[in-house]
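First comes the structure, then the notes that go with it.
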Amino acid sequence: MKQRFSAFTLLRNGLSWHENWQRQWRSPDPKPAYDVVIVGGGGHGLATAYYLAKEHGITNVAVLEKGWLGGGNTGRNTTIVRSNYLWDESAALYEHSLKLWEGLSADLNYNVMLSQRGVMNLAHNLGDVREAQRRVHANRLNGVDAEWLDTAGVKEFCPIINTSPDVRYPVLGATLQRRGGTARHDAVAWGYARGADARGVDIIQNCEVTGFDIEGGAIVGVQTTRGAIRTSKVGVVAAGHNSVLAAKAGIRLPLQSHPLQALVSEPIKPVHDCVVMSNTVHVYVSQSDKGELVMGAGIDGYNSYAQRGSFHIIEHQMAACLELFPIFSRLRMLRTWGGIVDVCPDASPLLTKTPVAGLFINGGWGTGGFKATPGSGHVFAHTIARDEPHPLAAPFSLDRFTTGALIDEHGAAAVAH
Amino acid sequence: MTKPMGSHRTANGGRIDRSRPLSFMFDGVTYGGFAGDTLASALLANGVHLVGRSFKYHRPRGVLTAGADEPNALVQLERGARTEPNLRATQVELYQGLVATSVNAWPSLTHDLGAVNQLLSRFFVAGFYYKTFMRPKVLWDRVYEPFLRRMAGLGRAPELPDPDIYDKMHVHCDVLVVGAGPAGLAAALAAGRTGARVILMDEQAEAGGSLLSSAESLDGKPAPDWVADALAELASLPAVRVLQRTSVFGYYDQNFLCAVERRTDHLGPGARPGLSRQRLWHVRAARVVLATGAHERPLVFADNDRPGVMQASAVATYVRRFGVRLGSRAVIFTTNDSAYDAVDALLAAGIGIAAVVDSRPDPGPRAEAARAAGVVVHAGCVVAATHGTRRITGVEVRGCEGGVLAPAGLRLSCDLLAISGGWSPAVHLFSQSQGRVRWDEAKLCFVPGEAAQAQTSAGACNGTFGLGAVLAEGLAAGASAAHLAGFGDGAVPATPAVAEVAAAPGDALWLVPGLKPLGRAGKHFVDFQNDVTAFDIRLAAREGFESVEHVKRYTTNGMATDQGKTSNVNGLAILADTLGRAIPEVGTTTFRAPYTPVTFGVMAGRDLGEMLDPVRTTPIHAWHVARGALFEDVGQWKRPWYFPLAGEDMHAAVRREAKAVRDGLGVLDASTLGKIEIRGRDAGVFLDRIYTNLFSKLGIGRCRYGLMCKEDGMVFDDGVTARLGPDHYYMTTTTGGAARVLDWLEDYLQTEWPDLEVYCTSVTEQWSTIAVSGPRARDLLADLAPGMAVDPESFPFLSMREGMVAGLAARVFRISFTGELSYEINVPSHLGLAMWQAVMAAGARHGITPYGTETMHLLRAEKGFIIIGQETDGTVTPLDLGMDWIVSKQKDFVGKRSLTRSDTARADRKRLVGLLPEDEGEVLPEGAQLVEMAGGTPPVPMLGHVTSSYWSPNLGRSFALALIKGGPERLGQIVFAPLAGGRTVKARIVEPVFLDREGSRQNG
Ligand SMILES: Cc1cc2nc3c(=O)[nH]c(=O)nc-3n(C[C@H](O)[C@H](O)[C@H](O)COP(=O)(O)OP(=O)(O)OC[C@H]3O[C@@H](n4cnc5c(N)ncnc54)[C@H](O)[C@@H]3O)c2cc1C
């Protein structure tokens, strides 16, 4: 039995000098065979394993991670969580996810520090306003909480924003999702890992998948740097490396991998109590519980697998940040980093079966999949377990690129994260 | 309150200017210091050792270092708009009137309420917050998280915008030398003498690095004199540039490095109005020499964080360079030789030394020399505990063998504890350059492995420590860098003569045992600022966090504002020991930019306010401003939105403007439209492939409206293209889409169809476009262009003419976006205003009315003309817009194949229709979603949405355009728009053309 976490156990362990805390997950060697192999120990992969075990009773599962778990985009993102997407299909999926988020700490018995401080998406021109209001209307009818704030409302919700009409792109208003916010990214990976491990899932780090064994059009195993593993079901959840992996199974995915950078400031006392995103001025900023301002903007233009980007991208986003928040000018940037995001042409994810029987892919989350972690794992587990798409996953299948049933989330929602 | 100036100074010496006293204030008390002090040295010279509180436990903290690696001494500098949080006092140069306050303490440093956390510290171990505060969720939302947030954070953000300015420089050089210590100066000299363009950047106020606090001599000169000579020589070399106060913080690909120069900070706030406060340097160097030195590692022992505990090298620096009497009785605790420099410095300054505690059983020649000078050296011993609260008062010394403490030892009282756990080369920039570091077991540190770029490391950052060797390495690196960049023959100048110092190897002592098991008595701090202890690292490992990255994230070791300069290696070594692995097996964290934190403002530079993004205005802009126009941002353009007369709101203005166009004459500045010249043999073929309709057969002098799609068949841009000659077209695009379209054209030409001979040139800025529209437009043109035949037969709709208009050579296009008789008069930009004025003058008798984009939008909507980005959103095909007539069945074009995909060809796609609200006065909000039935609980199935919506003075009612599922099949049906607040608007679906269906107005 896994030790429970609570104020009480913390107290008890404190009194015994913390010597009796168990490992949060084991570090097993790979077994020769599993019922399901998940490739990629990011949040989505770990969540998939967790829900396979919890909801579908499939516990003979391995999560294979080439580095350390959560070390991909899960541990590199700016942790914005929201569900106010434009199209019905996306709103349903992200709202499903947000609902899971709201019970996640309790479900995992791990505090993922969901902080629903509200997410504002600013509008700076008449086109922005039109699109933003359209999204608010659609969100409401889809049961997603959404409000439109005028400039005064923006100022009231976030008093430090510069709402002067005399700036280059004045703030004309914003959409607000009060249930949106941030969460602690590492805790999400660790919480799912601990939960999956407790249910019997083997989490195997430093184990890179190098190929797939396919017989008669069906998956029979994977090759790894720690040997071959037999299995009849593989879920590939490798973010920026999805297309590379899929290619090894002979599948060409409509994905492009780009670096996406982020940065934090030195910690300061609380000044910014919500998440502000602007697509036109192009930056988004929140403040973490530790006091660091967390910010990011758009992808680096070129394709890359190196987890770093160009400095000029940061210079631009900093100008945008100071345009919105002039009082931040004398603060200092403490850390920068980058992740590799896999972007679909329609800026929507892939949750899909493939032409290879038993091979499933979960990816294309691009710049915005952290918020989807619980929902994605939940519906992907269903898809793998039943060998048929979960109803919420069905629209995100690969064949939408053949039929044309795209779910274009950049044209209209036009918000990257 | 005022304290006497520098009561803790040495009698003389140091690099402070004792003839220039300065006063400053710390936590409300006024003190004195000297020019040349840092805030830290000045505080220490006033006997102030308690300078801050730690992040989590609020432990009292003193100055640990003398540089960029300082974890403890963080201050809030100045007040008001120029206040700045979290500055390291060790790097703040003193100036007259400086005001600083400590961070993270309330109500005061000495009486800090947050210190109650120390009582609970037993429970606040690494990651405790992941294990609790989970239920009920409302308590987390309302109580715990707000409390955690309030406790966290260090200093405060300013409450006002920054009054200072910042700028940027871009330079190229042959050799960039980073760091002006002995290795860097030597490298710069060797490279500079070859005539190469050399830049030497150093983060401190003065060049010299460790030489500034060294007692050694070079070529018989005291070290600081040698530095002065070296600087003089560098100054005499015209191609050499030396930049002090300049921190190189990032090393990017292709030898691109970024640095921040602090230009005015040392002068005090607002001292140089108009001068940029900081400058961001972008350097592209043929070769880079890194000479960034090394950071001394603290030792990890119980309660190693008391004020008065200081790096041994910092002790030497404060005594020698700043003339500070750090205490009256010092203990030195070391594992290696370098701390004996501090012993020498203390001896020379006459500061009492209680003892040297050297962990090595056989500490070697430096210890012998100290003993010879009368210093007690306890070999094979460690400091097992410390005493004191706001200042160290004593230490417990114990013998230690094989990690086991001797049962008894002695207690020494002291007010200063100098510690040295060895050195960590500053490999940060090397690592950022993608070089891999390697563990050197003999030197007990990570050293640079093979260079990944055109770069060499020299001196301490390369793991080379003796002065002679450092100088030799610097000279060799400089000479070879210049040579590789094409200067000099690579010959290495002679190394200055320095005295040999006998040395003994250091000891690997990563965790000093305490008097009780780890964590039970006292705290062994690894990361001082984040309050991470050796116990936390052990706990993390116990809980399965084995990767360095996991431990770092779980414990927050190395994540503080000093970026782990003093904690990374200690943390790694303790983890390795816990896991029973060798250090290199556990790995190292990779370093990322920035090396030290960088001010936001300097990264933004001048790109603020109006300069955030270029403002594009038309040649007629000033006229619009004078006329009182309100403007709309469209991309980077400022477009007149409407022209209100006195007392008019937008509604009234638009009503007047729109009536004027339909009934008489209006004029619009359309200069912002994208314009692209398309020339070349294959121009027609090219346009046929890009547009959904045919252009190769267009007659010369004729115009055609075209749509372009992306590969997925979705409409991408539109506009009118005219044929000016056999191989010459003139394309117009949307205002916001011009750059996108040009990129798109070039993309196809360069990557897909390189065989086509076509040249595209943006001429948006070259032409000014004035659209005159309304029943009187022909009369106006006739007046303005007497030489031009303007009758419908001579100048039909969709044709263009060149000729004199108002005495100016112009191109006139007869096209219409309003559905009225319209002409677009194009003249070279510099004539735009003149033409506008001529049009206004001639139009006066026709009652000409300037109108803006709002009226334009209304007028085109009355005709059902689309706007890209409004009726389209990247998911709309030409067929969805009911524009089948423009989609060629014969030829191929980009996006055509996608139109037949099963989903794209569905009959029930969302398609363009018109809407008439039941209530003729009710203007539907744009973006409103449409449903079949009012009411219902979410998710409510949606049919589509309102894309454009207006009240029309010409129709005398409201109307809208909408995209609705299977729209054209639903004509006559009623749909509902549920709005915020529960109100629902009813509307009837109609054809999307509300006026002049036959087009007789525009065509006539
Ligand atoms: C800078 C940045 C900011 C972001 N901000 C946000 C945000 O604010 N909000 C939001 O919702 N989203 C955000 N995102 C996106 C979000 O991080 C991702 O969509 C999400 O984390 C993806 O999770 P994942 O588990 O699929 O991927 P990852 O966490 O990247 O996991 C994939 C894992 O697969 C492993 N792997 C790859 N190849 C192999 C192999 N061959 N064998 C074994 N393992 C392999 C990788 O090592 C990695 O650990 C951001 C992303 C970045 C980079």
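As they're listed, the protein sequences go chains H and R.
Residue numbers for the first sequence follow this note's numbering, so the first one is 5 and each next one is one higher.
Residue numbers for the second sequence follow this note's numbering, so the first one is 69 and each next one is one higher.
We put the beta carbon where it would ideally sit given N, CA and C, even for glycine.
Give me the residue from Ala447/R, Glu464/R, Gly534/R and Ala264/R with the minimum Cα distance to Asp409/R.
Gly534/R
Closest by C-alpha distance to Ser970/R, when choosing among Val383/H, Arg404/H and Arg339/H
Arg404/H
Enumerate in chain order the residues of its own chain whose CB-to-CB distance from Leu1011/R is below 7 Å, with the five nearest sequence positions on each side excluded.
Leu998, Val999, Glu1000, Ile1032, Lys1033 and Val1043
Within the chosen definition, does the region 63 to 80 of chain H reach the region 33 to 49 of chain H through at least 3 CB pairs nearer than 8 Å?
yes
For the region 146 to 159 of chain R, list every residue whose C-beta sits within 8 Å of some C-beta in chain H, in sequence order.
Arg150, Thr151, Glu152, Pro153 and Asn154
In the DSSP output, which residue or residues are listed as bridge partners for Trp953/R?
Answer by DSSP bridge pairing: none, since Trp953/R is not bridged.
Is Val27/R helix, strand or coil when you go by DSSP?
Residue numbering for chain R in the displayed model covers 69 to 1072; residue 27/R lies beyond these limits and cannot be assessed.
Short of 8 Å in beta carbon distance, which residues of its chain neighbour Ala162/H, apart from the five on each side in sequence? Order them along the chain.
The question names Ala, yet the displayed sequence has Cys at residue 162/H. Once the five neighbours on either side are set aside, the close Cβ partners of Cys162/H are Met124, His276, Asp277, Cys278 and Val280.
For Ser109/H, which residues of its own chain have a beta-carbon under 6 Å away from its beta-carbon, when the five flanking residues on both sides are left out?
Asn115 and Val116
So with Cβ pairs under 7 Å, would you call Leu583/R a contact of chain H?
No, Leu583/R lies away from the interface with chain H (no Cβ there is under 7 Å from its Cβ).
By how many angstroms is the C-alpha of Ala398/R removed from the C-alpha of Asp483/R?
6 Å
So, with DSSP's three-state summary, where would you put Leu1073/R?
Because chain R here runs from 69 to 1072, residue 1073/R falls outside it and cannot be looked at.
Less than 8 Å between the CB atoms is what I'm expecting for Ile267/R and Val328/R, so what's the real figure, rounded?
Not quite, the Cβ-Cβ distance comes to about 14 Å (not below 8 Å), so this is no contact.
Determine whether the Cβ of Gly607/R lies closer than 7 Å to any Cβ atom of chain H.
Correcting the residue identity first, residue 607/R is Leu in this sequence and not Gly. Output row for Leu607/R: interface = yes.
Three-state secondary structure (DSSP) of Val285/H:
When secondary structure is reduced to three states using DSSP, Val285/H falls in the coil class, being assigned neither helix nor strand.
Give a single yes or no on whether Thr167/H has its beta carbon closer than 6 Å to a heavy atom of ligand 1.
Checking the Cβ of Thr167/H against ligand 1 gives no.
Below 8 Å CB to CB, which residues in the same chain sit around Lys727/R once its five sequence neighbours on both sides are set aside?
Pro1021 and Asn1022
Answer yes if the region 575 to 587 of chain R comes into contact with the region 28 to 45 of chain H, meaning at least three C-beta pairs across the two stretches below 8 Å, and no otherwise.
no
Residues of the region 162 to 177 of chain H whose Cβ lies closer than 9 Å to any Cβ of chain R, in chain order
Ile164, Asn166, Asp170, Val171, Arg172, Tyr173 and Pro174
State yes or no: is the C-beta of Lys252/H nearer than 6 Å to some heavy atom of ligand 1?
Incorrect: Lys252/H has no Cβ contact closer than 6 Å to ligand 1.
List, in order along the chain, the chain H residues whose C-beta lies closer than 7 Å to that of Val666/R?
Arg336 and Met337
Cβ of Val1141/R within 7 Å of any chain H Cβ:
Lying outside 69 to 1072, the shown extent of chain R, residue 1141/R is not represented and no answer is given.
Mark Trp904/R as exposed unless 16 or more other C-beta atoms lie within 10 angstroms of its C-beta, in which case mark it buried.
buried
Cβ-Cβ distance between Ala1028/R and Val1008/R below 7 Å
Taking a C-beta distance under 7 Å as the contact criterion, Ala1028/R and Val1008/R do not qualify as a contact pair.
Apart from the five residues just before and just after Thr340/H, which ones in its own chain have a Cβ nearer than 8 Å to its Cβ?
Gln265, Ala266, Leu267 and Ile318
Where Trp21/H meets chain R, residues with beta-carbon distance less than 7 Å:
Gly587 and Arg588
When you compare only the Cα positions, how much space is there between Pro652/R and His394/H?
46 Å
Chain R beta carbons: is any one of them nearer than 7 Å to that of Ala417/H?
Its pLDDT being 42, under 50, Ala417/H is placed unreliably by the model, and the measurement read from it follows with that caveat. Taking Cβ atoms only, chain R never reaches closer than 7 Å to Ala417/H, which makes this a no.
By Cβ distance, which residues of its chain are closer than 6 Å to Ala721/R, with the 5 residues on each side in sequence left out?
Tyr710 and Pro712
Let me know the secondary structure DSSP gives Lys252/H once reduced to three states.
helix
For ligand 1, I want to know if Arg198/H counts as a neighbour, meaning its beta carbon is within less than 6 Å of at least one of the ligand's heavy atoms.
no
Sort Gly1049/R, Gly781/R, Gly554/R and Leu766/R by Cα distance to Thr760/R and report the nearest one.
Checking every option, the nearest Cα to that of Thr760/R belongs to Gly781/R.
By a C-beta neighbour count over all protein chains shown, 10 Å radius and 16 as the cutoff for buried, is Leu181/R buried or exposed?
exposed
Determine whether the beta carbon atoms of Gly223/R and Pro662/R lie at a separation below 7 Å.
no
Taking C-beta pairs closer than 8 Å, name the residues in chain R that Cys325/H reaches, listed in chain order.
Per Cβ cutoff of 8 Å: Phe668 and Ala672.
Counting only runs that start and end within the region 638 to 721 of chain R, where is the alpha helix (DSSP H) found for 4 or more residues in a row?
651 to 654, 668 to 672 and 689 to 694
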